[in-house]
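Before any comments, here is the structure.
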Amino acid sequence: TAAAQSVKWDMPIAYPAGNFHTANILMFAKDVERATGGKLSITVHENGSLFKAPEIKRAVQSGQAQIGEVLISNFSNENPLFGIDSIPFLATSYGDARKLWQASRPAVEAALDKQGLKVLYAVPWPPQGIFSAKPIESAADLRGAKWRAYNPNTSRIAQLVGAQPVTIQAAELTQALTTGAVNAFMTSGATGYDSKVWEQVKYYYDVAAWLPKNVVFVSKRAFDALDKPTQQALLKTAADAEARGWRESEEKTAWYLEQLRKNGMTVSKGSPQLQADLRKIGETMIEEWTRQAGAEGAAVLAIYRK
Amino acid sequence: MDLLITGVLIGALLLLLAAGVWIGLALIGVAWIGMALFTQRSVGDAMALTIWGSASSWTLTALPLFIWMGEILFRTRLSEDLFRGLAPWLQRLPGRLLHTNILGSTLFAAVSGSSAATCATVGKMTLPELQRRGYPDALSLGTLAGASTLGLLIPPSIIMIVYGVTAEVSIARLFVAGIVPGLLLAGLFMGYVIVWSLLHPQAIPPEGERPTLADKLRASRHLLPVLLLIGGVLGTIYTGIATATEAAAVGVVGALLIAAAQRALTWATLRDSLLGAVRLYCMIALILAGAAFLTLAMGYLGLPRHVAAWIGSLGLEPWQLIAALTLFFIVLGCFLDGISIVVLTMGVLLPTVQAAGLDLIWFGIFIVIVVEMAQITPPVGFNLFVLQGMTGRQVTELARHAAPMFVIMVLAVVLLTAFPELVTWLPQRMAG
Amino acid sequence: MKALNRLFDLAAWLAAGFLIGTLAMVLLGIAGRLWPALALPGSDAYAGYCMAAAAFLALAPTLRRGEHIRVMLVLQRLPVPARRAVELAVHAVGLALAGGLAWFSLRLVWQSHAFHDISTGLDATPLWIPQLGMAAGTVLLVLALAVQFVEHLRGQPAPAAPGDEPARIE
Ligand code: NA
Ligand code: NA
Chain A
342 TAAAQSVKWD MPIAYPAGNF HTANILMFAK DVERATGGKL SITVHENGSL FKAPEIKRAV
402 QSGQAQIGEV LISNFSNENP LFGIDSIPFL ATSYGDARKL WQASRPAVEA ALDKQGLKVL
462 YAVPWPPQGI FSAKPIESAA DLRGAKWRAY NPNTSRIAQL VGAQPVTIQA AELTQALTTG
522 AVNAFMTSGA TGYDSKVWEQ VKYYYDVAAW LPKNVVFVSK RAFDALDKPT QQALLKTAAD
582 AEARGWRESE EKTAWYLEQL RKNGMTVSKG SPQLQADLRK IGETMIEEWT RQAGAEGAAV
642 LAIYRK
Chain B
332 MDLLITGVLI GALLLLLAAG VWIGLALIGV AWIGMALFTQ RSVGDAMALT IWGSASSWTL
392 TALPLFIWMG EILFRTRLSE DLFRGLAPWL QRLPGRLLHT NILGSTLFAA VSGSSAATCA
452 TVGKMTLPEL QRRGYPDALS LGTLAGASTL GLLIPPSIIM IVYGVTAEVS IARLFVAGIV
512 PGLLLAGLFM GYVIVWSLLH PQAIPPEGER PTLADKLRAS RHLLPVLLLI GGVLGTIYTG
572 IATATEAAAV GVVGALLIAA AQRALTWATL RDSLLGAVRL YCMIALILAG AAFLTLAMGY
632 LGLPRHVAAW IGSLGLEPWQ LIAALTLFFI VLGCFLDGIS IVVLTMGVLL PTVQAAGLDL
692 IWFGIFIVIV VEMAQITPPV GFNLFVLQGM TGRQVTELAR HAAPMFVIMV LAVVLLTAFP
752 ELVTWLPQRM AG
Chain C
-16 MKALNRLFDL AAWLAAGFLI GTLAMVLLGI AGRLWPALAL PGSDAYAGYC MAAAAFLALA
44 PTLRRGEHIR VMLVLQRLPV PARRAVELAV HAVGLALAGG LAWFSLRLVW QSHAFHDIST
104 GLDATPLWIP QLGMAAGTVL LVLALAVQFV EHLRGQPAPA APGDEPARIE
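Residue numbers (the working numbering), protein chains in the order written: chain A, 342 to 647; chain B, 332 to 763; chain C, -16 to 153.
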């Protein structure tokens, strides 16, 4: 077409260069440039170097960046649907997580569409487990534990197991673990590996509570300004990145756990008692979420459970 | 193209600053010019969002609180006591009480994670006292500007957390790795004061009668409040009661307690300390706002990224790489603050650094020291700004006073490059 | 002018109040870990909001006392008429820049409201509320710069930093 000039997009993301999400995005950006014959080029600004994690969505919404990546459940305050992938024990395997994403994608896309954002793809983090300074046999062992709460969900879990929710910023987690201000928290084995958590805690319970996702979205205005072939190429590349990301995430899960073990951590699935206790908490929270998310949420859950 | 952009931006910055535009607004102006001329992005909304994000970030709360703590302590007898307690001990050391700046900064660095807070708090206590006693301004201002940058190198340290997260190295190890270089740097600063004083014996105020050991010990009781305060703050950090950021609030409470114990806690003290702290913080905050926006503009323009990539492509030997990076960071540090430097360049530089076989913990300490230099280089140096806010001296004069400290930091980089064990030995002793 | 100066003083007091608020929120964070009954979810975010409000509300009074730092080397060496011209130009540039900051701070509030932007932390605060402090403070800064511009125009700039308290160490 006539408007076949090169378009340059900025892509702020929150995670550092070594992370597998970031690697996938860098590959995606390269593929986009190749697939569009250089008509669209994306500059990836990793590690919050352009906008910090909480600002990225807003930056794309208001046109300061054209494309961005966020941990979608961070925005569950805005809309409970964004937090559907972080309900504990709703979807605990890659298969279920995929099903849940397929079930929830139309609703999440519609919600983001209203905000001027178009979803390109989503990639899950490895399953979330419990890091603990001391061994845990059942949920009762978590009573009184200093449990890091960084969003409404993790805070609620703490309440339900009788732990004390503690607010500690990610930047201060290491020190808080060293001094005992925090002695239990939930995250993925990947994050535990990235932050070398074995220097402070020795136990990891791979209970696979949920698989949170990073969603890559583009400003609708920026997308609509592209010509048709470029749009097609972008969507195709995004689909490839999604497939690659899911594969990568799943393959790396075992590797991360192996690294935790190699560094002297005790890694286990958790005792049957612990799993049963946590499942019960999961049921409570699914119920609470459904109440919060109303008919729309219930509909998504119904599709997922079909 | 990059050369043109750099030229235009530096020219604009120097022009705005020389004309007397307020520094924070000048930075906003330069960032605005850069984005408006050389990018297609909408400038204003991005500016507001970024400035809001940086002005309301949790980790920054330590800065205004430590500044308030300094304003309270300034209105107590604490600094007088500090000098009375230290004077007999430092009597025979060439430079005498000039060392209070360095000792005070080193101690306070163990409490505070930022260099501006260290500078403001220690300066509030030492500068009036040193001036009253007739110590040369050039030395008291210079050593304070330099030594207070130790706030970054001696743990806890905000910049180390930023680097640790970026480079995926253990923050605990980085903290431990900073101790020896921090003490080394403090020792070098003290060495400079000693040499200078031996060369200019008449410039140091004369000593009183020679104190006996009993005198020294008796005078040391005056140090009790300072030690209690620092011990209390450190204690809450290392027992896990407070995080490094929250320690500032503990410090404010401790300062209020000291003021109460000395019967200095009046309505006037409280009011003046609050209003004084708010204005000093606000002055710094406007500059931080400008710096945050300039960082954003640099992110869009990609200048630091391009230079970092270019350096990476040269295929240098490790020592050449370190020399080139030192130069690069010194230039960058004239215009940007430390955290921005790390965030803007690490993504591109780390692969190069790893390929050159440099230890990432070592490299982190290297980065912290070059960022320390950035605090005292004009035109944009935060410790210089803090000192200008406190003394009314011009940045250019302050930078001149601080220049010897800058040279010492370069020397420290050379030493750490020649003897990397200074950095790596202690963290390797850590368990795990 | 008198009324405006009183307004700036009021802003300084509000800022001081918000600094106390910052302290209170951080202390509450510590206390909440020691005694869970005192825990206030989101206290860390509130501390950040208080700090931002303190900084922005203090902009105007700090300017009025001449405590926003600037490089005076060139200005000090100019003869009086030239100095006045440069001061006017500098204030005009300052007005433009501060005006931009204020305008886009107002837009930030408005957009946060329009987008229903909510804090992602435990506090779940609608962000336009704490951002009001930034908007108000930057608008006051524009006012303060305008006042000073007029003072320079009339050739009667206010003396910098009235010495009624030891805000500086000199
Ligand atoms: Na420190
Ligand atoms: Na500098």
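Note that beta-carbon positions come from the ideal geometry of N, C-alpha and C, so glycine has one too.
- Residue contact check for Pro395 (chain B) against chain C: a CB pair falls below 7 Å.
- In the structure shown, Ala687 (chain B) adopts coil according to DSSP, grouped into three states.
- At the C-beta level, Gly416 (chain B) and His553 (chain B) come within 7 Å of one another.
- Between the stretch 614 to 634 of chain A and the stretch 426 to 444 of chain A there are three or more C-beta pairs closer than 8 Å, enough to call the two in contact.
- Approximately 6 Å separates the beta-carbon atoms of Gln402 (chain A) and Gly457 (chain A); this is inside 8 Å, confirming the contact.
- Identification of residues in the stretch 497 to 514 of chain B having a C-beta nearer than 7 Å to some C-beta of chain A yields Thr497, Glu499, Ser501, Ile502, Ala503, given in sequence order.
- Gln719 (chain B) is positioned such that its CB atom lies closer than 7 Å to that of Val726 (chain B).
- A Cβ-Cβ contact shorter than 7 Å links Gly470 (chain A) with Val548 (chain A).
- Residue contact check for Pro468 (chain A) against chain C: no CB pair falls below 7 Å.
- Within the same chain, Met400, Ile403, Leu404 come within 6 Å of Ala586 (chain B) by CB-CB distance, once the 5 residues on both sides are set aside.
- In summary, Phe737 (chain B) is buried, with 16 or more beta-carbon neighbours lying within 10 Å of its beta-carbon over all protein chains present.
- In this structure, the alpha-carbon of Thr532 (chain A) lies about 11 Å from that of Thr594 (chain A).
- Contact with chain B is found for Gln405 (chain A), since one of that chain's Cβ atoms lies less than 7 Å from the residue's Cβ.
- Fully enclosed beta strand (DSSP E) runs of no fewer than 3 residues occupy 381 to 386, 408 to 412 of the stretch 377 to 461 of chain A, in order along the chain.
- Its chain contains Leu691, Ile692, Gly695 as the residues whose beta carbon lies nearer than 7 Å to that of Val500 (chain B), once the 5 sequence neighbours on both sides are disregarded; these appear in chain order.
- Each residue's CA atom was taken as its position, placing Phe1 (chain C) and Phe(-9) (chain C) some 15 Å apart.
- Under the Cβ distance rule, Gly384 (chain B) counts among the residues neighbouring chain A, one pair being separated by less than 7 Å.
- Shown here for Met721 (chain B): same chain residues with a beta carbon closer than 6 Å to its own, the five before and five after excluded, namely Gly454 in chain order.
- Between the alpha carbons of Thr676 (chain B) and Ala476 (chain B) lies a distance of about 26 Å.
- According to the DSSP assignment, Lys621 (chain A) belongs to no beta strand (DSSP E) but to the alpha helix (DSSP H) extending over 613 to 646.
- Contact check for Ala480 (chain A) and Val507 (chain A): beta-carbon distance about 18 Å, past the 8 Å limit, so the pair fails to qualify.
- Going by beta carbons, Asn524 (chain A) and Ala574 (chain A) fall outside the 7 Å limit.
- DSSP places Gln422 (chain B) outside both helix and strand once states are collapsed to three, so it counts as coil.
- Not a single heavy atom of ligand 2 lies less than 6 Å from the C-beta of Val523 (chain A).
- For Met527 (chain A), the uninterrupted beta strand (DSSP E) run begins and ends at 525 to 529, by DSSP.
- Gly470 (chain A) has its CB no nearer than 6 Å to any heavy atom of ligand 2.
- Along the stretch 353 to 380 of chain B, the positions whose C-beta sits under 7 Å from a C-beta of chain A are Arg372, Ser373, Asp376, Ala377, Leu380, read in chain order.
- Secondary structure of Ser471 (chain B) (DSSP, three-state): helix.
- Thr607 (chain A) does not reach chain C, its nearest Cβ partner there being about 27 Å away, counting only Cβ pairs nearer than 7 Å.
- DSSP places Arg48 (chain C) in no alpha helix (DSSP H); its state is neither H nor E.
- In this structure Ala377 (chain B) is in contact with Gln405 (chain A), their Cβ atoms being roughly 4 Å apart against a cut-off of 8 Å.
- Counting only the Cα atoms, Thr121 (chain C) lies some 32 Å from Lys561 (chain A).
- Counting only residues of its own chain and dropping the five nearest sequence neighbours on each side, Ala628 (chain B) has a CB closer than 6 Å to the CB of Ala362, Gly365, Met366.
- Counted as a single uninterrupted DSSP element, the beta strand (DSSP E) harbouring Gly470 (chain A) occupies residues 469 to 473.
- In the three-state scheme derived from DSSP, where H, G and I count as helix and E and B as strand, Ile101 (chain C) is classed as strand.
- The closest CA to that of Gly435 (chain B), considering only B:Leu481, B:Pro419, B:Leu348, is found on B:Leu481.
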